[in-house]
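Contents: one structure, followed by commentary.
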Amino acid sequence: MTNSEDITQPKLEVSHFQKDLKAKYEGQNALLFSSLQYYFVPLMYILAFVSILYLRTGYLFVFLFYSFIPLLDEFCSYDIRNPTKEEAKQLTGKIHFKIPLYLAVVFDWLFTFWCVYFIAANKDEISLFNQFGIIFVAGNLAASNINVAHELFHKNGWFDIFMGTFTLAKNLYMHFAIEHIYGHHRNVATHKDPATSRLNQTLYKFIPQTIIGSYFSAWHYENNYQRLKNRSPINIFNKMIYYTLSMFLIPFIVQKIFGTYGMYVFLFTVFNSVFYLETVNYIEHYGLQRKEIEPGIFEKVDIHHSWNAPHRFSNYLLFKLQRHSDHHENGYKEYQTLCSYDESPTLPHGYTVCVLLSFYPPSWFNIMNKVLARYQNDKKTITYKDIQNEVYNYILKFTVVSLTLFVTSLYF
Numbered sequence: 001m002t003n004s005e006d007i008t009q010p011k012l013e014v015s016h017f018q019k020d021l022k023a024k025y026e027g028q029n030a031l032l033f034s035s036l037q038y039y040f041v042p043l044m045y046i047l048a049f050v051s052i053l054y055l056r057t058g059y060l061f062v063f064l065f066y067s068f069i070p071l072l073d074e075f076c077s078y079d080i081r082n083p084t085k086e087e088a089k090q091l092t093g094k095i096h097f098k099i100p101l102y103l104a105v106v107f108d109w110l111f112t113f114w115c116v117y118f119i120a121a122n123k124d125e126i127s128l129f130n131q132f133g134i135i136f137v138a139g140n141l142a143a144s145n146i147n148v149a150h151e152l153f154h155k156n157g158w159f160d161i162f163m164g165t166f167t168l169a170k171n172l173y174m175h176f177a178i179e180h181i182y183g184h185h186r187n188v189a190t191h192k193d194p195a196t197s198r199l200n201q202t203l204y205k206f207i208p209q210t211i212i213g214s215y216f217s218a219w220h221y222e223n224n225y226q227r228l229k230n231r232s233p234i235n236i237f238n239k240m241i242y243y244t245l246s247m248f249l250i251p252f253i254v255q256k257i258f259g260t261y262g263m264y265v266f267l268f269t270v271f272n273s274v275f276y277l278e279t280v281n282y283i284e285h286y287g288l289q290r291k292e293i294e295p296g297i298f299e300k301v302d303i304h305h306s307w308n309a310p311h312r313f314s315n316y317l318l319f320k321l322q323r324h325s326d327h328h329e330n331g332y333k334e335y336q337t338l339c340s341y342d343e344s345p346t347l348p349h350g351y352t353v354c355v356l357l358s359f360y361p362p363s364w365f366n367i368m369n370k371v372l373a374r375y376q377n378d379k380k381t382i383t384y385k386d387i388q389n390e391v392y393n394y395i396l397k398f399t400v401v402s403l404t405l406f407v408t409s410l411y412f
C-alpha cells in the first residue's frame, strides 16, 4: 500500500462507513481462506438457465439479480477484512481459488451459445420482448466472464494468460488483454486513457470513446512491441491481426452453425457484454485524475485513482474487482489477496447498483458528483446518509421496473 507520507490527495476520515452509516463490517476469518463464496458466479448461470428454459423469459433473472443483490449487499457485513502479509503468502497460488474462475469460463461459453441456439430454434414462439430479455441476461453474464478473463490474463502463468485471452474471443474483444495491461494500467486517470471517464461525461459519450480508443490503443502497443523485436508491425507475429480477424471469423462460424438469425442474436449478446464491461470501466475511475507533474508526466498510480466498494456479495460475484485501487497498484495480485483501504475513494453502493445508476446520467451526476466532492474534502455540507437515501430511492425504482418487466413478460 502507498505510504501515508506519500499521499497527495485528501483522505476520507478513517472508517467513514462506520461513522456515517452503521458498523456492519466485522472481519470474518473463516471466509478469508474459503473459495466457496465465489461459486455464486457459476450458480448465476444455473439460475439463468433454469428460468429461461422453463419460463422462456430472462426478466425473472433481471429482477432477482438487480433487486436481491443490492438487498444482500445491504444486509451482509462489509468486506474489508484484509489478509496480513503472512496470510497473503498462504493464499497466493492456491488452486481452489482458481477452480471457480475456470468453471465460470466453461459455464459462460455453454450458456452463451445455448441462448443463441434456444432463441434461434424458437424465434417464432418467443416474442421479441422476451428474446431481448434473454439476450440482456446472456450479455450481462458474458460481461461477468470478461471480468474472469481479466483476472486470468493479469497473471504470469501461461495457462491463465491463455484462458483469459482465449475466452475474450467469444466477446470479440481479445484486444482488451493488450490494451488493458499496457495502456489502461499505465495511463489510468489521465486524458491519455480512453478507458477513464471524465467528470460530467455521460456513459453514452464514454462508450464510443473507450471502445474505439481501446481498439486503436491496442494496435499502438502491439505495433510498438513488434518494433522492439526488430520486426515490421505487420507480420505473422502481430497478435492484433489475429484478434481483428477473429471479430469476423467467429460470427461467420456462428452463422454457419446457428443460421443468420442466430448470428444476429450472438452479435447483440456481444454488444451487450461489451457495453456492460465498459460501463464498469466508466464507474471505476469516474472523475478521478492524476496530477500532471510536467507536460505528459503524471504522478504515480496509487490507491486514490480508482473507486472501490466494500459490499460483500457484489465482491464475491466480481472476484474482488471492487477492491480496484489495490488491483491498480498491484496488477498481478490474485483476487483473494487484494486489500481494501479507507483512504481510497468509495462508491455509494456496489458495482451492480452503480452500473444501473450510470444508465441514467442525471441521477448518476446528482449522486456521484456529491460523492466525489465529499472525497475531495467537502464533508461539511454532504453526508453519506443523504447520498445513501438517494441511492435507495433509485434501487426501489429499478426494483419496481424490473418486477413490471417480469410480470409483463409472462403475458407475451
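Numbering (the UniProt record's numbering), first residue to last: 1 to 412. Where a beta carbon is used, it is the ideal one built from N, C-alpha and C, also for glycine. Since we're looking at a predicted model, the values are computed, not measured.
Across the structure, Ile234 and Lys320 are spaced so that their CA atoms are roughly 38 angstroms apart. Rounded to the nearest angstrom, the gap between the Cα atoms of Met263 and Leu31 is 42 angstroms. One alpha carbon belongs to Val188, the other to Trp307, and they sit about 12 angstroms apart. In this model, Ile250 and Ala121 are separated by some 20 angstroms (Cα to Cα). Separation of Phe68 and Asn238 (C-alpha to C-alpha, rounded to the nearest whole angstrom) is 45 angstroms. Membership of Glu299 in any beta strand (DSSP E) is not indicated, and neither H nor E is assigned to it by DSSP.
With a threshold of 16 other beta carbon atoms within 10 Å, Val391 meets it and is buried. Around Pro42, the same chain offers Pro100, Leu103, Ala104, Phe107 as residues with beta carbons nearer than 8 angstroms, after the five sequence neighbours per side are excluded. Counting along the chain, the unbroken alpha helix (DSSP H) around Ser402 starts and ends at 384-409. In this model, Thr167 and Asn145 are separated by some 8 angstroms (Cα to Cα). Between Trp219 and Met240, the C-beta spacing is below 8 angstroms.
A straight-line Cα-Cα distance of about 25 angstroms links Tyr225 and Asn147. Around the C-beta of Gln90, fewer than 16 other C-beta atoms lie within 10 Å, and the residue is accordingly described as exposed. According to the DSSP assignment, Ile126 belongs to no alpha helix (DSSP H), since it is labelled neither H nor E.
Check the Cα spacing between Leu357 and each of Lys229, Gly93, Tyr117, Lys397: the tightest is with Lys397. In the displayed model, Glu87 falls within a helix according to three-state DSSP.
Beta-bridge annotation (DSSP): Asn156 is not paired with any residue.
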